[in-house]
Amino acid sequence: MTIATLEGRGLTRVLPGPVPTTLVAEVDTAFPPASFTAITGPSGSGKSSLLYLLGLLDLPTAGEVLVDGQPTSGLDDAARTATRLERFGFVFQFHFLLPEFSVLDNVMLPMRQLGRLRPEAMRARAMGLLDQLDMPEVAHKRPDALSGGQRQRTAVARALANDPQILLADEPTGSLDTRNAAAVFAILRALAREGRTVVAVTHDEALAATADRRIRLVDGRVVGGTAAG
Amino acid sequence: MIPLPLSIALAHLRSRKRQTLVSVLGVMLGVGVFISISGMMQGFQSYFLSQIVETNPHVVVTDEIRRAAPQPMQLLHPAAAVQISRILPRDPVRGIVGAGAMLDALAAMPGLSAAPTLRGQMILRRAGRDYAVTALGVDPVRELRVTSLERDMRQGSLAALGTRPDGVVIGSGLADKMGATLGDTLAVATTAGGESTLRVVGIFHTGLEQQDTGQVYVALARQQSMQGRPRVVNEIHVRLDDIGRSIPVAAMIEGRWGFKAAPWEETYARILSVFVLQNAIIFSTTGSILVVAGFGIFNIISTVVMEKARDIAIMRSVGMPRGGVVAIFVIEGLVVGVLGMVAGWLLGWGIAAVLRQVPSPGASDPSEKLRVVLSGFTFVLGSAIALASAVGAAWIPARKAARTDPLAIIRGAT
Ligand SMILES: Nc1ncnc2c1ncn2[C@@H]1O[C@H](COP(=O)(O)OP(=O)(O)OP(=O)(O)O)[C@@H](O)[C@H]1O
Ligand SMILES: [Mg+2]
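Shown next, in the form of structure tokens:
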């Protein structure tokens, strides 16, 4: 059996306070390469919180996140930031594009941060991604001149900029109509087929049904699905 | 391709054009005022100093001795605990002993001229009023080599003392007070009891109040006889081709002959220390404008940090390290600082050009304008303060932005 690209062991996140809130409780889950996993659950069940833990954006109260079988709890902020840059791609429910930059420049941001490619190569790769996502014509437009679907696809292109092994998407279709939502999911599925580990949060059961595996959360705990443990 | 933090910084500033412009203007004003006002100050000081240094000798040797000669007992028993009290000092004839030989030796040194002087007090009397003045008995030919007094002559000349043994050269202030003009006769009394008359053969104006009202020149021989000190010289005036050598030359003279030799820096130490204070005040007041300009930068960058919290959060979650976030905002501060600085150079240069058209207050010659000296030092100092306050002002909000947890913003937005 291959090593899971991404794995959570006993992941627990408790918000401290007068009345501590448990966001995620003892989640054990592994995500193999070339898999597309959908996380579902009612609102407030901890889906986003779990994704932030898996994406090294948040620190678990207990438990461990493993990337390529390596524990990450010992990493400091700089190391976790570097891991996010090189290994992870994020798509958030809100697109979070930089309004002053063109679509092409937005897609290039992570590449420029990484600084491995030469400028022409970055530009070519960003154009290629936009092509792949079927929106080459908007490359030089500003995000505010795009439709919701185009913005979300731009966010997907940006998430793929550094060719990450792991793609995490938090309700990437939340603000889209059915047709656009299905299109974005089709893209995610295709990316999984290329060999990436894709995890998407959604509250849309129909879309979740198109994923390879499903995890269902209630009150921060895994209660069912096809891939627990 | 320009670095990522720089392109994000420029995008932020472009999105807040007006506020950026105001901050740039603030820095520009600060730098411009700093440069021009410091330049005016420096112009005044260097003019004042050049007046002093040109009019007066660069090193004055007097018949004083800075340290009493050691007692023979102490020389005999250097290690012993000798206490000597009630020393009765010898009362030598005051004056520079061996002045003639000293003058010859000094004259032989390159880049150096020396002239003998007998300084003493005298009282000039005219129209029933007494005027106490300091009289310098000089050898007019040699004296002209050590001062630029001849340049400051309004009427007559110093050289006239050579041909008129009873001549006196007085300052313009004194001439005005006494109502004396060229050719007038003045009654003179000295502490030695001598009484005689002197004839005004020259009137000078140095612009230095103290000299113009309180100092007169007479021929050396005449002074010696009036003071009752024949053949005595109590000051030797030295002028150097290079005024920067005044301190070592003074030390050399004092070491060789033992008489106190004061470089002009020592003689005018009070004025120099006033200049230091003046500079401190000017630099701190005009420098504080630059610090205030820093508040403008702090303001715009704090605004941008709040406004662009989402952009920062996304950059952080994508993988920009904290240092990258700090860099974005510090660069914003630097860009404002550098633009303001360069504009401030031009403004300072412009203000200086205007000031140079303003008549110098108190100048006797109405065509004399304010002097402004724009030195590289003021440019560098003003720019350094401007950039430091720009970076400092940006640093505080930048650090706050870098410390903000991106998750807090991402959670809040979804
Ligand atoms: N900063 C916070 N302070 C207090 N409670 C919080 C905070 N962040 C999240 N929560 C709570 O934690 C729980 C889990 O939140 P989370 O965002 O992970 O849920 P979710 O499954 O993503 O919900 P949704 O489908 O609405 O996005 C919720 O009950 C939420 O109210
Ligand atoms: Mg959520």
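Going down the list, the sequences are from chains E and L. FYI, our numbering numbers position 165 of the first sequence as 484, with every residue one higher than the one before it. FYI, our numbering numbers position 261 of the second sequence as 1199, with every residue one higher than the one before it. For every residue, glycine included, the Cβ atom is placed at its ideal position computed from N, Cα and C. Bear in mind that the values here come from a model prediction, so they are computed numbers and not experimental data.
Residue i - containing alpha helix (DSSP H), residue span
| i | result |
| --- | --- |
| GLY1282 of chain L | 1260-1293 |
| VAL962 of chain L | 955-993 |
| THR516 of chain E | Per DSSP, THR516 of chain E belongs to no alpha helix (DSSP H); it is in the beta strand (DSSP E), 516-520. |
| PRO1186 of chain L | 1184-1195 |
| LEU536 of chain E | No alpha helix (DSSP H) contains LEU536 of chain E, which is instead part of the beta strand (DSSP E) from 532-537. |
| LEU436 of chain E | From DSSP, LEU436 of chain E is part of no alpha helix (DSSP H); its letter is neither H nor E. |
| ARG1177 of chain L | No alpha helix (DSSP H) contains ARG1177 of chain L, which is instead part of the beta strand (DSSP E) from 1173-1178. |
| SER364 of chain E | No alpha helix (DSSP H) contains SER364 of chain E, which DSSP labels as neither H nor E. |
| VAL475 of chain E | 467-478 |
| GLN1012 of chain L | 1010-1014 |
DSSP-derived helix/strand/coil call for residue i
| i | result |
| --- | --- |
| MET1060 of chain L | strand |
| TYR1155 of chain L | strand |
| ARG1032 of chain L | coil |
| PHE504 of chain E | helix |
| ASP1068 of chain L | strand |
| GLU490 of chain E | coil |
| ASP347 of chain E | strand |
| ALA547 of chain E | Reliability fails at ALA547 of chain E, whose pLDDT of 42 lies under 50, so the model's placement of it is uncertain and no value is given. |
| ARG406 of chain E | helix |
| PRO429 of chain E | helix |
| PRO462 of chain E | helix |
| ARG1248 of chain L | helix |
| GLY1038 of chain L | helix |
| GLY1140 of chain L | strand |
| SER1023 of chain L | coil |
| VAL541 of chain E | strand |
| VAL1256 of chain L | helix |
| THR380 of chain E | coil |
| LEU342 of chain E | strand |
| ILE940 of chain L | coil |
| GLY1350 of chain L | helix |
| ALA509 of chain E | helix |
| LEU373 of chain E | helix |
| LEU1050 of chain L | strand |
| ILE946 of chain L | helix |
| ILE1003 of chain L | coil |
| ILE1181 of chain L | helix |
| ALA1018 of chain L | coil |
| PHE415 of chain E | coil |
Delimiting residues of the beta strand (DSSP E) encompassing residue i
| i | result |
| --- | --- |
| PHE1221 of chain L | No beta strand (DSSP E) holds PHE1221 of chain L; the alpha helix (DSSP H) holding it covers 1207-1245. |
| ASP387 of chain E | Where ASP387 of chain E is concerned, there is no enclosing beta strand (DSSP E), given that its DSSP letter is neither H nor E. |
| THR331 of chain E | 325-334 |
| SER354 of chain E | 354-359 |
| THR1000 of chain L | 997-1000 |
| LEU452 of chain E | It is not in any beta strand (DSSP E) - LEU452 of chain E carries neither H nor E in the DSSP assignment. |
| GLU524 of chain E | Unbroken run through GLU524 of chain E is the alpha helix (DSSP H), 524-527; no beta strand (DSSP E). |
| PRO1201 of chain L | 1199-1201 |
Any non-hydrogen atom of ligand 4 within 7 Å of residue i CB
| i | result |
| --- | --- |
| GLU490 of chain E | This structure lacks ligand 4; its bound ligands are ligand 1 and ligand 2. |
Alpha helix (DSSP H) segments (min. 4 residues) lying fully within the segment 1075-1138 of chain L:
1078-1084, 1098-1101 and 1110-1116
Under 6 Å, CB to nearest heavy atom of ligand 1: contacting residues:
E:LEU334, E:THR340, E:LEU342, E:GLY360, E:SER362, E:GLY363, E:SER364, E:GLY365, E:LYS366, E:SER367, E:SER368, E:HIS522 and L:ARG1349
For the segment 373-386 of chain E against the segment 354-362 of chain E, are there 3 or more C-beta pairs whose distance is under 8 Å?
no
Length at least 4, wholly inside the segment 1299-1348 of chain L: the alpha helix (DSSP H) runs in chain order
1314-1341
Specify whether the segment 1284-1298 of chain L and the segment 1184-1203 of chain L touch according to this definition: at least 3 beta carbon pairs, one from each stretch, less than 8 Å apart.
no
Under 8 Å, with one C-beta from each stretch per pair, do the segment 493-512 of chain E and the segment 329-346 of chain E reach the 3-pair mark?
no
Three-pair Cβ contact test at 8 Å for the segment 1325-1340 of chain L versus the segment 1254-1271 of chain L:
yes
Would the segment 1234-1250 of chain L and the segment 388-395 of chain E be scored as touching if the rule is three or more Cβ pairs under 8 Å?
no
With contact counted as at least three CB pairs below 8 Å, one residue from each stretch, are the segment 968-981 of chain L and the segment 1206-1223 of chain L in contact?
yes
With three or more C-beta pairs closer than 8 Å as the rule, is the segment 1306-1322 of chain L touching the segment 958-978 of chain L?
yes
Would you call the segment 1153-1169 of chain L and the segment 1067-1083 of chain L touching, i.e. three or more CB-CB distances under 8 Å?
yes
If we count Cβ pairs, one from each stretch, closer than 8 Å, do we get three or more for the segment 1050-1063 of chain L versus the segment 1122-1131 of chain L?
yes
How about the segment 436-455 of chain E and the segment 1262-1282 of chain L: do they share at least three Cβ pairs that are nearer than 8 Å?
no
Do three or more CB pairs link the segment 424-441 of chain E to the segment 362-375 of chain E at distances below 8 Å?
no
Do three or more CB pairs link the segment 432-447 of chain E to the segment 509-526 of chain E at distances below 8 Å?
no
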